[in-house]
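Residue -7 is where the first sequence starts when you use my numbering, and the numbers rise one by one after that.
All C-beta atoms in this analysis are idealised placements derived from N, C-alpha and C, irrespective of residue type, glycine included.
A quick write-up on the structure given underneath.
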Amino acid sequence: MDKEAFQTDLVQWFQEEQRDLPWRKNNDPYKVWVSEVMLQQTRVDTVIPYYNRFLEKFPTIEAFANADEESILKIWEGLGYYSRVRNLHTAVKEVVADYGGKVPDKKEEISKLKGVGPYTAGAVLSIAYGKPIPAVDGNVMRVLSRILLITDDIARPASRKTFEIAAKGLMYHENPSYFNQALMELGALICTPTSPACLLCPVREHCQAFSKGVQDQLPVKTRKKNTKHEDLLAVVLKNKEGKILINKRPEKGLLANLWEFPNLKVVPLLDKWEILQDFLATEYSIDAVIEHAAFTEVQHVFTHLTWKIDAYEGRVMSGNIKGHESLRFVTEEELEEFAFPVSHQKIWRAYKERAR
DNA sequence: TAGTCGTGGAG
DNA sequence: TCTCCAAGACT
């Protein structure tokens, strides 16, 4: 193919057609980094308000480095993949401590930072520093698989190497930032997973898949997902002062360090209010009275897991949560300050709107 | 390597 | 309603 024509057609299209997005207003390495982490596996429209709020609250790398974990989780609340913000926090603190607050511009250094994988390293280095390093995400693999007729299975981690080599070979050294962004923008707007808009594509003359009419069969992507189902019982428990009992999740695993209403996994068909009462007594030494009917049933779908949560209402008769570090009684007003996963936000909304 | 880790949108 | 996600990284 005519590499130079491909590069200029692609980049010129990007200059004319790129979307007006908040993180494209400047190339500050910290801001580029924040946007790239937020955009991991997350749609642009979802990220925009989070990005604006984030930089309003943490306008500089130092401001974010000095934040406490509760506040960084709260600002990420609802965005998902919460380890991203904890890793970013760890990495930013390291940049402030070891690099004087300047985001490293060397691949070997930036790649050592927590949460910075090959894609994010390439994106930050090219967009913020103009380095000719590929940034291979799902868009780029899809676009290149069609342009170059690459049939490697993009679901296999090993395939990334093939696409990195391809992207490096096509790199537009006059403007690596625009080149990388243009490949992704093309994937987002034109070269979409289903029904790509080839007739609007600025590089269709260079596209092998289009010339053969096989664009709908690329990229090759296998992988089946196994969705588990879990049934949970949760309780919104009030003490005599009207405070609500909440629990901090473990620091590792699903929804790490987020807050939730006390809950337990149950065997289907055996979920009854007695189980909750017994759970509170044996697990937390709390003597409680639980309403006999759930006030809501919440269904929540994760990538590889589904929760069905029956939520009950209850009152504390006696008990002491001292010794249970993860538990806390908070007022309804205070509760709003804690970061909850969406599934438990649903429970809280249903609780406040419940018929009594 | 394959599994883990969220959420809301689109077809 | 159901499937498949969307600018990935970590273990």
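Within the DSSP secondary-structure output, Y304 pairs in a beta bridge with V227.
Looking at the DSSP output, L256 shares a beta bridge with L225. DSSP places M163 outside both helix and strand once states are collapsed to three, so it counts as coil.
Residue environment analysis places N131 among the buried positions, since at least 16 neighbouring C-beta atoms fall within 10 angstroms of its C-beta. Boundaries of the alpha helix (DSSP H) around V29: 21 to 31.
Between F253 and A273, the C-beta spacing is not below 8 Å. Judged by beta-carbon spacing, M133 lies within the 8 Å limit of F155, meaning their Cβ atoms are closer than that value. When the Cα atoms are used, V195 and E317 turn out to be separated by approximately 59 Å.
Secondary structure in the region 64 to 111: no beta strand (DSSP E) run of 3 residues or longer lies completely within the stretch. Annotated three-state conformation of S187 is coil, per DSSP.
Between the region 143 to 153 and the region 196 to 206 there are fewer than three C-beta pairs closer than 8 Å, too few to call the two in contact.
In this structure the region 19 to 38 lies against the region 103 to 115, because at least three pairs of beta carbons, one per stretch, are closer than 8 Å. Burial is judged here by how many other beta carbons sit within 10 angstroms of a residue's own beta carbon; V334 has fewer than 16 and is exposed.
Taking G205 as reference, the option from V212, N218, Q269, C190 with the minimal CA-CA separation is C190.
Comparing alpha-carbon positions, the option among L65, Y164, R76, R11 lying closest to Q32 turns out to be R76.
Beta-bridge annotation (DSSP): E8 is not paired with any residue. Apart from sequence neighbours up to five positions away, the residues of its chain that approach K94 with a beta-carbon distance below 8 Å are P21, V87, ordered along the chain. Taking every protein chain shown into account, the CB of Q(-1) has 16 or more other CB atoms within 10 angstroms, so this residue is buried. Under the three-state reduction of DSSP, M133 is assigned to helix.
Rounded to whole angstroms, the Cβ separation of A342 and R307 is 18 Å, and the two are not in contact under 8 Å. Under the three-state reduction of DSSP, K338 is assigned to helix. When beta bridges are read from the DSSP output, H198 appears opposite no residue. Per DSSP, D37 is one residue of the alpha helix (DSSP H) stretching across 36 to 49.
Nearest to G161 by alpha-carbon distance, out of I182, I139, G179, is I139. The Cβ atoms of R241 and F287 do not sit closer than 8 Å to each other. The beta strand (DSSP E) runs of length 3 or more contained entirely in the region 268 to 294 are, from start to end of the chain, 278 to 282, 288 to 293.
Contact check for A115 against N172 passes: the beta carbons are separated by less than 8 Å.
Your pair P126 and A83 does not check out as a contact, with CB atoms roughly 21 Å apart and the cut at 8 Å. Residue state for S318 is assigned as coil, using DSSP reduced to three classes. Taking 8 Å as the cut-off, the Cβ atoms of N255 and L224 count as close. In this structure, the CA atom of W5 is about 47 Å from the CA atom of W340.
Take A57, set aside five residues on each side of it, and the residues of its chain with a beta-carbon closer than 7 Å to its own are V84, K85, V88, in chain order. The three-state secondary structure of T298, taken from DSSP, is strand. Checking the DSSP bridge columns, you'll see I157 has no partner listed.
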